[in-house]
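Participant: Before I ask anything, let me first share the structure, which is written out below as structure tokens.
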Amino acid sequence: MWVGRLDLGWEGGKRVRKTVYAKTEKECRQKLDKVKRAAELGVNVTAERRTTAVWLGEWLEIKEGDGTRASTLRAYRWLINTHIIPVIGRVQLDKLTPLDVRRLVSTARKTGLSAGSIRHVHSLIRNALAGAERLDLVARNVAKAVKAPPVPRHEVRALRPEEARRLVEVLRGERLEAVFACGLMLGLRRGEILGLRWTDVDLGGATLHVRQTL
8 MWVGRLDLGW EGGKRVRKTV YAKTEKECRQ KLDKVKRAAE LGVNVTAERR TTAVWLGEWL
68 EIKEGDGTRA STLRAYRWLI NTHIIPVIGR VQLDKLTPLD VRRLVSTARK TGLSAGSIRH
128 VHSLIRNALA GAERLDLVAR NVAKAVKAPP VPRHEVRALR PEEARRLVEV LRGERLEAVF
188 ACGLMLGLRR GEILGLRWTD VDLGGATLHV RQTL
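Listed below in structure tokens is the structure:
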């Protein structure tokens with residue numbers, strides 16, 4: 008049995024250390040590296056009882072540090088606070104089971120959430136638990152054992168040319184005319200349109216550059 012100890016400095020006048028145990032030296036070093044990485048990311052590696060809600064908060068901070076877009080983080084926070092924490096937030100992270108994740112999916116379905124939104128909830132908890140698994144906070148990603156509901160396919164009908172021209176005519180002079188025109192004529196997504204700046208427009212060269220998305 009190998010024992011590894013990482014010195015995390017001082018807190019409240021006390022020396023803070025994290026101890027790990029492993030069968031081999033290699034495994035022990037790997038565990039210490041993961042603990043060090045988690046501590047660098049701001050995770051409280053000495054917490055004895057970490058609930059799922061606490062970890063989701065830490066995971067969001069990690070995602071923010073990784074450069075995740077602000078709009079994506081807002082969507083994550085909304086899903087977490089509205090649909091995940093009320094159901095499994097109090098469950099201790101390392102005690103979470105596939106049944107808990109199944110209960111999460113079932114509850115989301117009962118609240119009337121669409122299949123697509125339920126898949127987003129499932130994907131989010133799966134990704135968050137994958138992060139916890141990489142840091143050795145959980146033994147396995149229990150969300151992998153639960154399938155997300157299939158999303159029914161709906162045929163999307165595009166506007167015919169005459170319909171698109173009519174829409175542009177109706178919107179002429181309106182405040183959002185340029186927004187709809189960019190979407191219709193250039194095929195830009197909403198985030199790409201909202202990310203446009205005057206510096207992205209070359210009137211002389213009749214060119215528009217998409218450099219960011221919101």
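In short: position in the sequence shown from 1, add 7, done, that's our numbering. Note that beta-carbon positions come from the ideal geometry of N, C-alpha and C, so glycine has one too.
Whole alpha helix (DSSP H) runs in the segment 76-116 with 4 or more residues, listed along the chain?
Facilitator: 77-86, 92-95
Participant: Is it buried or exposed, Trp205, if we count other Cβ atoms within 10 angstroms and call 16 or more buried?
Facilitator: exposed
Participant: Under the rule that 16 or more other beta-carbon atoms within 10 Å means buried, what is Gly138, buried or exposed?
Facilitator: Gly138 counts as buried, since no fewer than 16 other beta carbons sit within 10 angstroms of its beta carbon.
Participant: Of the choices Ile132, Glu176, Glu184, Gly123, whose alpha-carbon is the least far from that of Leu67?
Facilitator: Ile132
Participant: In this structure, how does DSSP classify Thr214 when only helix, strand and coil are distinguished?
Facilitator: strand
Participant: Taking the beta carbon of Ala152 as the centre, do at least 16 other beta carbons fall within 10 Å, making it buried, or is it exposed?
Facilitator: exposed
Participant: With DSSP run on the structure shown, which of helix, strand or coil describes Arg24?
Facilitator: strand
Participant: Grouping DSSP H, G and I as helix and E and B as strand, with all else coil, what is Thr31?
Facilitator: coil
Participant: Mind checking whether Leu63 and Asp101 have CB atoms under 8 Å apart?
Facilitator: no
Participant: Give a yes or no on whether the C-beta atoms belonging to Phe187 and Leu178 are separated by under 8 Å.
Facilitator: In contact: Phe187 and Leu178 (Cβ atoms closer than 8 Å).
Participant: Is the Cβ of Ala29 closer than 8 Å to any Cβ of chain B?
Facilitator: Among the chains of the structure shown, chain B does not appear; only one protein chain is present.
Participant: Please give the ranges of any alpha helix (DSSP H) in the segment 152-176, keeping only runs that are unbroken, at least 4 residues long and fully inside the region.
Facilitator: none
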